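Numbering (the working numbering), first residue to last: 36 to 131.
Here the structure comes first, spelled out in structure tokens, and everything after it is commentary.
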């Protein structure tokens, strides 16, 4: 089981005894800012669908930024024209 899965399972056990609102004090269990943001949403009483939606948007934004970096560096390695590279990266940033 991954560290993330183990952490989620620990938090599920804590939530059973303390309730979701008591989870904030356990934020240090989350290994990254993404998990801590989700834990803050949970402990503030956010609806499960809202948690999924907000974390989904954050994950999509992070994935897009990583794609821009990967494509940008590959374009540089390929000696791509800077203006053409900028146009391509802008399309990725805009979701096209």
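Even for Gly, the Cβ is constructed at its ideal location relative to N, Cα and C.
In this text the structure is predicted, and so the values were computed from the model without any measurement.
Query, Result
"Fully enclosed by the stretch 78-102, which beta strand (DSSP E) runs are 3 residues long or longer?", "none"
"How many angstroms separate the CA atom of residue 123 from the CA atom of residue 113?", "14 Å"
"Helix, strand or coil, according to DSSP, for residue 52 in the structure here?", "helix"
"Would you give the residue range spanned by the alpha helix (DSSP H) that residue 64 belongs to?", "Note, residue 64: premise wrong, no alpha helix (DSSP H); not H, not E."
"Distance, Cα to Cα, residue 75 vs residue 116?", "44 Å"
"Along the alpha helix (DSSP H) that carries residue 121, what are the first and last residues, could you check?", "117-128"
"What number of angstroms, rounded off, separates the C-alpha of residue 82 from the C-alpha of residue 68?", "20 Å"
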